[in-house]
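Worksheet: the structure to be examined is printed underneath.
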Amino acid sequence: MVPFKAVEFFAGIGLVRLALERTRRWSVIFANDMDPNKAEMYRDNWPNNDHLIVEDIHKLTAAEIPTADLFTASFPCNDLSIAGKRDGLDGKESSAFWGLVRILNDLGERRPPIVLLENVVGFLQSHGGKDFETALLALNDLGYSVDAFILNASHWVPQSRARLFVVAKRHCDDPPQRVAIQSEARPGPLLGFINAHENIDWDLRKLPRLPKSRTQLIDIVEDLPEGDPHWWNSDRSAYFMAQLSKRHEVQAKLMFAGDDYRYATAFRRVRHGKSMAELRTDGIAGCLRTPRGGSGRQILFKAGRRRYQVRLLTARECARLQGVPDDYRIDVPLNQALFGFGDAVCVPAVEWIAKYYLTPVASSLAADATLFDGMGQCR
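So in our numbering the end of the sequence shown lands on 379, straight run, no missing numbers.
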């Protein structure tokens, strides 16, 4: 079976490609990202192709983009997230979305039948919802109806990472499905947005139940010996313990007194002008971030049998938290790897979307020769 063709914008370290191609129904034929450090990791894992173009999307032309069944775009979230500047789609980085819109417009009838967007859930609330509305209406203007849903990586891996996905489909004569029912993937705030925006051309697909992850934090931890240099020395570890709030100190002491070793993760946060360390002890890591300013580095706390050890998560552990198999090469410095994985997608989440959404839609379009040509374009 000939795979469908995909083009990957904001490709980063290639995890969307990894997810799509694991289904064996998709092949990435072109990729673009402007970050040379991420491109280095991409090429380390796909060394024998020259379709990765390292360039600002605003400088790409439609003539450079091959015809495909799917465009994917995990455009920068810095101006949309709660942790970011909240400048919205007009911000320096998140305005890259308009570079994608320009390319889609310039492609004309070569536009793909399907577009997949991924971003932080904060996109839904950015500027009171106006940024999300503006983006969806821009896709409507290009001939796409839209769907939206939220997936948390914790359904597949031990990481809390909720992300907003949009699937845009070129519509023809089939009536769109506009009835939205609250579900795991369309929680109340998203459902409220959908129902409040009848001006948007929606086409909502019924989604299957989300899986339940059987993986815990302990399952992704590398077994590093006590003398490994990744573990912090006693002074640095004691300083970490001193940064815990009373509530988190109690949790740490319970772990310390346990008969077996347990693991928790922690981030440093500024509370009331003071740097504090906050533990997460439910067997799930916090959301991976890029290590800008140092606070984005996630800490691993191991305690039990009246002992404790502290260190940063390794690059391989971060990869596993994104559902990346261990044969993915990581031959770059730690910070470079953390930036790559912190900006990336959860592989099994995108694989789930490909299996239950993208592939069925692409197959339906390809089979409907009365409405679509060979690339799924409206006749």
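For glycine and all other residues, C-beta sits at the position ideal for the given N, C-alpha and C. Computed from a predicted structure; not experimentally measured.
Starting from MET276 and walking both ways along the alpha helix (DSSP H), at which residues does that stretch end?
From DSSP, MET276 is part of no alpha helix (DSSP H) but of the beta strand (DSSP E) over 274-280.
Which of helix, strand or coil does DSSP assign to ILE265?
Residue 265 is actually Thr in this sequence, not Ile. It is a strand residue.
Span of the alpha helix (DSSP H) holding VAL115?
VAL115 -> not in any alpha helix (DSSP H); beta strand (DSSP E) instead, spanning 114-120.
Since VAL324 and LEU20 should fall inside the 8 angstroms C-beta cutoff, what is the C-beta to C-beta distance between them, to a whole number of angstroms?
Rounded, the Cβ-Cβ distance is 14 angstroms, inconsistent with contact.
Which of helix, strand or coil does DSSP assign to LYS130?
If DSSP states are grouped into helix, strand and coil, LYS130 belongs with the helices.
Note down the Cα distance separating ARG186 from ALA153, rounded to an integer number of angstroms.
Going from the Cα of ARG186 to the Cα of ALA153 covers about 15 angstroms.
I need the DSSP call for GLU93, collapsed to helix, strand or coil.
Residue placement at GLU93 is flagged as unreliable, the pLDDT there being 46, under the threshold of 50; a coordinate-derived value is accordingly withheld.
Check whether the stretch 40-55 and the stretch 98-115 touch, using three or more Cβ-Cβ pairs below 8 angstroms as the test.
Contact between the stretch 40-55 and the stretch 98-115 is absent, because fewer than three Cβ pairs lie under 8 angstroms.
Quick one, are the C-beta atoms of ALA316 and ILE330 less than 8 angstroms apart?
Before going on, a small fix: residue 316 reads as Arg here, not Ala. Result yes, Cβ atoms of ARG316 and ILE330 sit closer than 8 angstroms.
Measuring only the C-alpha atoms, how far is PHE10 from ASP223?
Each residue's alpha carbon lies about 33 angstroms from the other.
Hey, how far is the Cα of GLY340 from the Cα of ALA162?
Rounded to whole angstroms, GLY340 to ALA162 spans 18 angstroms at the Cα level.
Based on DSSP bridge pairs, tell me the residues matched to LEU312.
According to DSSP, which records beta bridges pairwise, LEU312 is partnered with ILE299.
May I ask which residues mark the beginning and end of the beta strand (DSSP E) holding ASN32?
ASN32 -> beta strand (DSSP E) spans 26-33.
When you compare only the Cα positions, how much space is there between ILE65 and TYR144?
Going from the Cα of ILE65 to the Cα of TYR144 covers about 19 angstroms.
Determine the extent of the beta strand (DSSP E) in which SER145 is found, giving its start and end residues.
SER145 -> beta strand (DSSP E) spans 144-152.
In chain order, which alpha helix (DSSP H) runs of at least 4 residues are fully inside the stretch 153-240?
Complete alpha helix (DSSP H) runs here, min 4: 188-196 and 217-220.
On the CB-based measure, 16 or more other CB atoms within 10 Å of its CB, does THR359 come out buried or exposed?
Burial call: buried.
Just mark TYR357 as buried or exposed, buried being the case when its beta carbon has 16 or more other beta carbons within 10 Å.
By the neighbour-count rule (16 or more Cβ atoms within 10 Å), TYR357 is buried.
Check for me: the beta strand (DSSP E) holding THR381 runs from which residue to which?
Here the chain has residues from 1 to 379 only, and residue 381 is not among them.
Can you tell which of GLU198, ARG17 and HIS171 has the C-alpha that lies nearest to the C-alpha of GLU133?
Cα-wise, what sits closest to GLU133 is GLU198.
From which residue to which residue does the beta strand (DSSP E) around VAL16 run?
Per DSSP, VAL16 belongs to no beta strand (DSSP E); it is in the alpha helix (DSSP H), 15-22.
Taking C-alpha atoms, which residue in LEU279, ASP235, PHE267 and ASP259 lies nearest to GLN251?
Checking every option, the nearest Cα to that of GLN251 belongs to LEU279.
Give the secondary structure of GLU249 by DSSP, where H, G and I count as helix, E and B as strand, and everything else as coil.
It is helical.
Quick one: residues in its chain with C-beta nearer than 8 angstroms to the C-beta of ARG236, no 5 flanking neighbours on either side, listed in chain order?
Closer than 8 angstroms at Cβ, skipping near neighbours: VAL310.
When the Cα of LYS274 is compared with those of GLY283, PRO189 and SER245, which residue comes out closest?
Of GLY283, PRO189 and SER245, the residue nearest in Cα terms is SER245.
Which of helix, strand or coil does DSSP assign to ARG307?
In the structure shown, ARG307 sits in a strand (DSSP, three-state: E or B).
Look at the Cβ atom of ILE13, then the Cβ atom of ALA242, and state whether they are nearer than 8 angstroms.
Not closer than 8 angstroms, so no.
Could you check the C-alpha separation between ASP79 and ARG306 for me, to the nearest Å?
Confidence at ASP79 is low in this model, with a pLDDT of 47, below 50, so its placement is unreliable and the value that follows should be read with caution. About 44 angstroms.
Look up VAL2 in the DSSP assignment and say whether it is helix, strand or coil.
Coil at VAL2, not helix or strand.
Which residues does DSSP pair with ALA285 in a beta bridge?
Answer is GLN159, bridged to ALA285.
Which class does LEU60 belong to by DSSP, given the choice of helix, strand or coil?
If DSSP states are grouped into helix, strand and coil, LEU60 belongs with coil.
Given that a residue counts as buried once 16 or more other Cβ atoms are within 10 Å of its Cβ, and exposed if not, what is LEU52?
Flag for LEU52 reads buried.
Between LEU217 and the rest of its own chain, which residues show a CB-CB distance below 8 angstroms, the 5 nearest in sequence each way excluded?
Around LEU217: PRO158, TYR263, ALA264, THR265, GLY283, ILE284 and ALA285.
According to DSSP, is ILE380 part of a helix, a strand, or is it coil?
In the structure as shown, the chain starts at 1 and stops at 379, and residue 380 therefore has no counterpart that could be examined.
Does the distance from the CB of ILE140 to the CB of ILE200 come in under 8 angstroms?
It is Asn, not Ile, that sits at residue 140 in the sequence shown. For ASN140 and ILE200, yes; Cβs fall inside 8 angstroms.
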